[in-house]
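Enquirer: Residue 335 in my numbering sits at position 329 of the sequence shown, and the numbers go up by one each step. Positions of the beta carbon are idealized from the N, C-alpha and C atoms, including for glycine.
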Amino acid sequence: MKRKGYLALCIMMLITIFSPRAFAASEKPVPMNFAPSARSAVLIEADTGTILFEKNAHEKLPPASITKVMTLLLIMEAIERGELKMTDKVRTSERAASMGGSQIFLQPGEEMTVEDMVKGIAIASGNDASVAMAEHLEGTEEAFVKRMNERAKELGMKNTHFVNSNGLPAENHYASAYDIAIMSKELLKHEEITKFTGTYQDYLRKDSENPFWLVNTNRLVRFYQGVDGLKTGYTGEAKYCLTATAKRNNMRVISVVMGEPDVKTRNNDVTTMFNYAFTHYKVMPMYKKGETVDQITVDKGQQPQLNIVTPHAVSVLMKKGEAAEDYQKEVVVNKTVNAPVQKNQVVGHIFIRSKDGNEVSRIDLYPEHAVNEAGMWEILKRTTKKVLLRY
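(1) Lys387 to Ile358, Cα distance in whole Å?
(2) Ends of the alpha helix (DSSP H) at Leu220?
(3) Does Pro68 pass the burial test, meaning 16 or more other C-beta atoms within 10 Å, or should it be called exposed?
(4) Looking only at its own chain, which residues have a Cβ that is under 8 Å from the Cβ of Val322, when we skip the five neighbours before and after it?
(5) With a CB to CB cut of under 7 Å and the five nearest residues on each side skipped, what residues in its chain are close to Lys349?
(6) Assuming Asp185 and Asn165 make a contact with CB atoms under 8 Å, what is their CB distance in whole Å?
(7) Return the first residue and the last residue of the beta strand (DSSP E) that Val262 is part of.
(8) Going straight from the alpha carbon of Lys325 to that of Ala47, what length do you get?
(9) How would you label Asn224, buried or exposed, when you count the other beta carbons within 10 angstroms and need 16 or more for buried?
(10) Leaving out five residues before and five after Gly381 in sequence, what residues of the same chain have Cβ atoms less than 6 Å from its Cβ?
(11) Between Phe29 and the rest of its own chain, which residues show a CB-CB distance below 7 Å, the 5 nearest in sequence each way excluded?
(12) Suppose only complete runs of 3+ residues qualify. What are the beta strand (DSSP E) ranges in the region 192-250, listed by chain order?
(13) Return the first residue and the last residue of the alpha helix (DSSP H) that Met163 is part of.
(14) If you follow the alpha helix (DSSP H) that Asn340 is in, where does it begin and where does it stop?
(15) Please classify Asn172 as buried or exposed, where buried requires at least 16 neighbouring CB atoms within 10 angstroms.
(16) Just verifying my parser: in three-state terms, what is the DSSP assignment at Ile72?
(17) Express the C-alpha separation of Ile314 and Ile110 in angstroms, rounding to a whole number.
(18) For Val320, which residues in the same chain have their Cβ closer than 7 Å to its Cβ, ignoring the five residues on either side in sequence?
(19) Ordered along the chain, which non-local residues of its own chain (more than five positions away) have a Cβ less than 7 Å from that of Val276?
(20) For the alpha helix (DSSP H) containing Ser136, name the first residue and the last one.
(21) Which class does Val352 belong to by DSSP, given the choice of helix, strand or coil?
(22) Could you check the C-alpha separation between Lys237 and Asp305 for me, to the nearest Å?
(23) My output table needs one value for Ile57: the three-state DSSP class, helix, strand or coil.
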């Protein structure tokens, strides 16, 4: 009996060992779903834009206050162009003061600096502050919204249309999770924005009789290491939405969830996505921002030679365990260009390829600065000099 029992046990073990379930290759991989309750979600690495996870990422959905990411982007771009300063005073109209929902309780005629308005938008999600800034920049909110949609088109946001500057419910006001990730990535190019979006609490009207306490609507700023933004959203139609960003070990990721049932689920799903990204991936720096990678000749230019530089830091996203040697870099530029040369003129590319030859990244290259066309007298002098040098 013991021998029969032993034999039966051995047979069962062999069946188990050679069962198809024992071979990982014979099993269908379980698809990742880091946001099972969300209507839409996406996870990207910010430097390269690589998608690490997506779920209905291109579905058009109400974005609620995540709309304000575009409002903040246009504010920061106006500051960068020198059209606006953080110290400028912004006067609140009656219309701006009448906004409902989340607000910083601006009064008609009240003046506040751009910096404080940005605080009110980024930290407290102030609908009133958003409209006040929209009117300050473009005269009317309608004109500002037109610029929002133009900028969305420029960024390639194909499934987005704005109707207002703050995300309050409106017909035909929508965005996709992927588009939100794109505009979040663009906003984060203005590094100073995280000074606001990464602040957990602050005050407005601090020295007045009625100071206003700001508490960040994005609680992950306080409870997840590396989170420094970006924007929450909620309406009855949109449910709970969030575009969040975190940075660890020089790698920044952006996670967007839309249509979550509650705050806890929303934050848990974003946390899960962040954990996945930081556990499995790393970023390898290749070039610094503004690094000279080559030089070109400017035909008939006031400056005959011109440095070609990277427009931003260039990195490669790789799985942990991979090495930089697994990737090859190639710089391809137009060796000669005709004057005039514009600063935003693409004159070459950096190609980064994996060891099997697949292109993983292509970066546009630009001149270090603009070069105007030389005058006839300058061109004549150069030509004469070249002729004389031959003899």
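Expert: Let me lay it out:
(1) The residue labelled residue 387 in the question sits at position 381 within the sequence shown. The residue labelled residue 358 in the question sits at position 352 within the sequence shown. Between Lys387 and Ile358, the C-alpha separation is close to 42 Å.
(2) Within the sequence shown, numbered from 1, the residue matching residue 220 stands at position 214. Note, Leu220: premise wrong, no alpha helix (DSSP H); beta strand (DSSP E) at Phe218 to Val221.
(3) As a first step, residue 68 must be located in the sequence shown, where it is residue number 62. That one is buried.
(4) As a position in the sequence shown, residue 322 is number 316, starting the count at 1. Closer than 8 Å at the Cβ level, and outside the excluded window around Val322, lie Thr54, Val289, Met290, Met292, Ala330, Tyr333, Ile358, Val366 and Ser367.
(5) Stepping through the sequence shown from its first residue, residue 349 is reached at position 343. Counting only Cβ-Cβ distances below 7 Å, and skipping sequence neighbours, we find Tyr372, Pro373, His375 and Ala376.
(6) Against the sequence shown, residue 185 aligns to sequence position 179. Against the sequence shown, residue 165 aligns to sequence position 159. Yes, they are in contact, since the Cβ atoms of Asp185 and Asn165 sit about 6 Å apart, within 8 Å.
(7) Position 256 of the sequence shown, counted from the start, is the residue given in the question as residue 262. Element bounds for Val262: Met257 to Glu266.
(8) Along the sequence shown, one-based indexing puts residue 325 at 319. Along the sequence shown, one-based indexing puts residue 47 at 41. The straight-line gap from Cα to Cα measures roughly 22 Å.
(9) Locating residue 224 in the sequence shown gives position 218, where the first residue counts as 1. It counts as buried.
(10) Counting from 1 along the sequence shown, the entry for residue 381 is found at position 375. So the list is empty, once near-sequence residues are dropped.
(11) Taking the first residue of the sequence shown as 1, we reach residue 29 at position 23. The predicted model places Phe29 with a pLDDT of 26, which falls under 50 and marks its position as unreliable; any figure quoted below should be read in that light. Answer for Phe29: no residue qualifies.
(12) 207-210, 218-221 and 233-241
(13) Residue mapping note: residue 163 aligns to position 157 of the sequence shown, counting from 1. Looking at the DSSP string, Met163 is not in any alpha helix (DSSP H), and its letter there is neither H nor E.
(14) Along the sequence shown, read from residue 1 onward, the residue named residue 340 stands at position 334. Note, Asn340: premise wrong, no alpha helix (DSSP H); not H, not E.
(15) Taking the first residue of the sequence shown as 1, we reach residue 172 at position 166. With 16 or more Cβ atoms within 10 Å of its Cβ, Asn172 is classed as buried.
(16) Position 66 of the sequence shown, counted from the first residue, corresponds to residue 72. Looking at Ile72 - three-state DSSP - the assignment turns out to be helix.
(17) Working through the sequence shown from its first residue, we reach residue 110 at position 104. Working through the sequence shown from its first residue, we reach residue 314 at position 308. Going by the C-alpha atoms only, they are around 46 Å apart.
(18) Taking the sequence shown and counting its residues from 1, one reaches residue 320 at position 314. If we look at Val320 and ignore the five residues flanking it on each side, its Cβ neighbours are Met292, Tyr293, Ile356 and Ile369.
(19) What you label residue 276 is simply residue 270 of the sequence shown in a count that begins at 1. Excluding sequence neighbours, Val276 sits near Leu226, Leu248, Ala250, Ser261 and Val263.
(20) The count along the sequence shown starts at 1 and reaches residue 136 at position 130. Asn133 to Glu144 is the extent of the alpha helix (DSSP H) around Ser136.
(21) Along the sequence shown, one-based indexing puts residue 352 at 346. DSSP places Val352 in coil when its eight states are reduced to three.
(22) Position 231 of the sequence shown, counted from the start, is the residue given in the question as residue 237. Position 299 of the sequence shown, counted from the start, is the residue given in the question as residue 305. Spanning the two alpha carbons is a distance of roughly 48 Å.
(23) Along the sequence shown, read from residue 1 onward, the residue named residue 57 stands at position 51. Note: Ile57 maps to strand in three-state DSSP.
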